[in-house]
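Student: There's a structure below that I have some questions on.
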Amino acid sequence: MTWTAIVLAAGLSTRFKSERPKVAHPLAGRPMIRHVLEALRAAGCSIPPVVVIGPTAPAAQEAAGPDVQFAIQPEPRGTGDAARWARPILQGRVAHILITYGDLPLVRPETFRRMIETHEARGATLTLLTVHLADPTGYGRIVRDSEERVLRIVEEAEARPEERRLSEVNVGVYVVREPWLWPALSRLRPSPVKGEIYLTDLVALAAAEGAQVETVLLEDPEEALGINTRAHLAEAERILRRRINTRWMLEGVTLVDPERVYIGTDVIIGPDTVIYPDTYLEGQTRIGRRCRIGPNTILRDAVIGDDCVVEASVVEGATLADRVHVGPFAHLRPGTRLAEEVHVGNFAEIKNSTVGPRTRMHHFGYLGDATVGANVNIGAGTVTCNYDGVRKHPTIIEDEAFIGSDTMLVAPVRVGRKAKTGAGSVVTRDVPPETLVYGVPARPRSSS
Ligand code: UD1
Ligand code: CA
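Its first residue numbered 103, the sequence shown is counted upward by one per residue in the working numbering.
Printed below as a string of structure tokens:
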């Protein structure tokens with residue numbers, strides 16, 4: 103069966119009170135709408151979904167990412183109007199169309215699949231997803247007749263008191279036969295109360311003409327959360343965090359306190375790694391096996407090998423080989439590559455630099471645009487003076503060099519193999535291999 107989806111995201115998000123489109127706000131490290139689109143892809147839609155956005159919403163477009171099509175709703179006249187704008191793109195292309203909302207990021211792929219399968223198996227014209235909620239406030243209620251057939255959905259604004267007490271609500275996911283959908287959308291009229299055209303009125307339309315309406319009941323009410331306010335956003339974040347953390351624990355990762363570990367959707371972690379509290383793993387971070395990460399650590403787009411330790415540090419866009427030790431209180435910035443068994447200690451900052459195996463930088467200092475060999479000792483207070491105010495310059499430190507405490511390496515400069523710099527040196531010229539330099543400016547011992 104061929105199908106695709108329309109994702110509605112052109113509303114004004116009045117209750118969210120944001121300058122940016124609601125669906126572009128991050129949730130577990132991804133724009134909210136990406137969660138919806140990923141779930142639809144995982145459920146197996148036949149052609150890229152259509153996202154309906156407002157006319158001034160490039161941010162929503164960017165948030166949705168690649169492999170989607172966009173339709174523009176010129177004015178936010180309601181969900182029923184929004185769906186109409188996908189017609190020029192989708193008419194005649196698939197057998198069935200799933201319609202959902204960009205603010206429903208917790209619906210699982212299995213739920214979308216279950217809806218498609220039920221819809222097909224029962225030969226329905228329209229299938230909708232419902233759930234029983236202890237507190238149905240804010241949702242459209244499902245009105246059924248005495249034989250339990252669905253009659254219509256009544257929106258909260260229009261519901262009579264007895265209807266408001268109905269606990270079965272509309273989650274906001276529908277599967278509709280494609281040829282039936284477009285003329286039905288054209289027949290929807292604005293609500294007398296709010297003046298909006300409600301997508302939910304499709305149900306009454308189908309029921310009135312005797313078309314088959316089916317429902318799929320959601321077992322896990324958490325999936326039904328629609329993000330209308332920042333409070334909903336925080337709740338969704340908590341739910342997603344729990345899902346993600348549980349998944350990693352089942353994969354063999356120890357989370358010492360899962361309530362206090364924040365793992366992005368795209369992060370990958372190897373088994374037997376232990377994560378301590380107040381740790382944020384973001385972006386495309388990948389962590390190997392048997393590592394110890396945290397507490398109080400941020401890894402953003404970091405690649406960490408096996409058997410590494412990173413504690414109380416910030417690592418962004420850096421790559422660590424196996425058995426590397428970082429922290430406490432280190433800052434590794436983009437373009438940093440640390441080879442096996444490198445040690446980086448407190449108050450060390452490294453940017454755009456390669457550091458060879460077993461090199462140690464135990465104390466405060468700065469390496470920028472540097473290439474450092476193997477078994478180098480970087481003394482406390484070492485600074486690569488890589489920036490002359492206009493340009494950045496490289497520093498090269500060869501294998502087994504010994505950089506004395508408080509050495510300033512004024513780039514561009516090279517320190518040769520097994521060379522040494524004395525404490526407090528200001529190195530302005532290349533140091534030959536196996537040579538000791540010291541002083542300001544630093545000179546070899548023999549020429550001083
Ligand atoms: C909607 C449903 C309600 C359901 C609830 C579930 C309608 C009329 N009501 O209510 O039955 O219980 O979701 O969360 O559909 N949008 C547009 N263009 C518009 C208006 C809205 O694209 O003109 C988009 C919004 O960006 C949003 C989605 O449609 O992503 C839903 O709109 P929203 O205003 O949040 O509807 P609810 O009041 O939550
Ligand atoms: Ca909503």
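Just so it is clear, CB atoms sit at the ideal spot from N, CA and C, and this is done for glycine as well.
Once DSSP output is grouped into helix, strand and coil, what is the label at methionine 103?
Tutor: Your numbering for residue 103 matches position 1 in the sequence shown. DSSP, reduced to helix, strand and coil, places methionine 103 outside both helices and strands of the structure shown, so it counts as coil.
Student: Find out if the Cβ-Cβ distance for the pair phenylalanine 118, asparagine 454 is shorter than 8 Å.
Tutor: Here residue 118 refers to the residue found at position 16 of the sequence shown. Here residue 454 refers to the residue found at position 352 of the sequence shown. The answer is no: Cβ separation not under 8 Å.
Student: Please classify valine 109 as buried or exposed, where buried requires at least 16 neighbouring CB atoms within 10 angstroms.
Tutor: Your numbering for residue 109 matches position 7 in the sequence shown. Classification of valine 109: buried, given that the 10 Å Cβ count is 16 or more.
Student: Can you grab the Cα-Cα spacing for the pair serine 549 / leucine 538, in whole Å?
Tutor: Here residue 549 corresponds to residue number 447 of the sequence shown, with the count starting at 1. Here residue 538 corresponds to residue number 436 of the sequence shown, with the count starting at 1. At serine 549, the pLDDT of 45 sits below 50, so the modelled position is not reliable; the number obtained from the coordinates is stated separately. C-alpha separation (whole angstroms): 11 Å.
Student: Mind checking whether the beta-carbon of tyrosine 203 lies closer than 7 Å to any heavy atom of ligand 2?
Tutor: Residue 203 sits at position 101 when you count from the first residue of the sequence shown. Yes; taking the cut-off as 7 Å, the Cβ of tyrosine 203 has a heavy atom of ligand 2 nearer than that.
Student: What residue does the alpha helix (DSSP H) around arginine 224 start on, and which one ends it?
Tutor: Reading the sequence shown from its first residue, position 122 is the one you call residue 224. Here the alpha helix (DSSP H) through arginine 224 covers 211-224.
Student: With a threshold of 7 Å (Cβ to nearest heavy atom), would valine 153 be considered close to ligand 1?
Tutor: Taking the sequence shown and counting its residues from 1, one reaches residue 153 at position 51. Not so, every heavy atom of ligand 1 lies at least 7 Å from the Cβ.
Student: Classify methionine 134: buried if its beta carbon has 16 or more other beta carbons within 10 angstroms, exposed otherwise.
Tutor: Mapped onto the sequence shown, residue 134 falls at position 32. With 16 or more other Cβ atoms within 10 Å, it is buried.
Student: Alpha carbon to alpha carbon, how far is leucine 319 from arginine 216? Give it in angstroms, no decimals.
Tutor: Position 114 of the sequence shown holds residue 216. Position 217 of the sequence shown holds residue 319. Distance between the alpha carbons of arginine 216 and leucine 319: 10 Å.
Student: So glycine 182 is in the alpha helix (DSSP H); what residue range does that whole segment cover?
Tutor: Position 80 of the sequence shown, counted from the first residue, corresponds to residue 182. Note, glycine 182: alpha helix (DSSP H), 181-186.
Student: Quick check on lysine 296: buried or exposed, where buried means 16 or more other Cβ atoms within 10 Å of its Cβ?
Tutor: The sequence position of residue 296 within the sequence shown is 194, counting from 1. Looking at its Cβ environment, which holds fewer than 16 other Cβ atoms inside 10 Å, lysine 296 is exposed.
Student: Quick one: does the C-beta of glycine 242 sit closer than 7 Å to a heavy atom of ligand 1?
Tutor: Walking along the sequence shown from the start, residue 242 turns up at place 140. Yes; taking the cut-off as 7 Å, the Cβ of glycine 242 has a heavy atom of ligand 1 nearer than that.
Student: Among the residues of its own chain, which have a CB less than 8 Å from the CB of histidine 234, if the five just before and after it don't count?
Tutor: Sequence index remark: in the sequence shown, residue 234 carries index 132 (1-based). Ser269, Glu270, Val271, Leu319, Pro323.
Student: Could you give the distance in angstroms between the alpha-carbon of threonine 421 and the alpha-carbon of proline 292?
Tutor: Here residue 421 corresponds to residue number 319 of the sequence shown, with the count starting at 1. Here residue 292 corresponds to residue number 190 of the sequence shown, with the count starting at 1. Going by the C-alpha atoms only, they are around 56 Å apart.
Student: Of all the CB atoms in chain E, is at least one closer than 8 Å to the CB of glutamate 298?
Tutor: The question asks about chain E, but that chain is absent: this structure has only one protein chain.
Student: CA-CA distance, valine 358 and arginine 394?
Tutor: Stepping through the sequence shown from its first residue, residue 358 is reached at position 256. Stepping through the sequence shown from its first residue, residue 394 is reached at position 292. In a straight line, the C-alpha of valine 358 is about 11 Å away from that of arginine 394.
Student: Give the straight-line distance between the Cα atoms of cysteine 410 and threonine 497, rounded to the nearest whole angstrom.
Tutor: Within the sequence shown, numbered from 1, the residue matching residue 410 stands at position 308. Within the sequence shown, numbered from 1, the residue matching residue 497 stands at position 395. Those two C-alpha atoms are separated by around 26 Å.
Student: Less than 8 Å between C-beta atoms, sequence neighbours within five positions excluded: which residues of the same chain meet that for threonine 227?
Tutor: Residue numbering aside, residue 227 sits at position 125 when the sequence shown is read from its first letter. The answer, listed in chain order, is Val278, Arg279, Trp282, Ala308, Ala313, Gln314, Val315.
Student: List, from N- to C-terminal side, the alpha helix (DSSP H) runs of 4 residues or more that fit wholly inside the region 246-318.
Tutor: 263-266, 280-289, 303-310
Student: Under the criterion of a Cβ to heavy atom distance below 7 Å, does threonine 227 qualify as lining ligand 1?
Tutor: If you number the sequence shown from 1, residue 227 lands on position 125. False, no ligand heavy atom lies under 7 Å from that Cβ.
Student: Would you check if the distance between the CB atom of isoleucine 174 and the CB atom of threonine 106 is smaller than 8 Å?
Tutor: If you number the sequence shown from 1, residue 174 lands on position 72. If you number the sequence shown from 1, residue 106 lands on position 4. No, they are not a contact pair.
Student: Rank Ala197, Gly240, Gly481, Pro397 by C-alpha distance to the C-alpha of alanine 261 and give the top, closest one.
Tutor: The sequence position of residue 261 within the sequence shown is 159, counting from 1. The residue with the shortest Cα to Cα distance from alanine 261 is Gly240.
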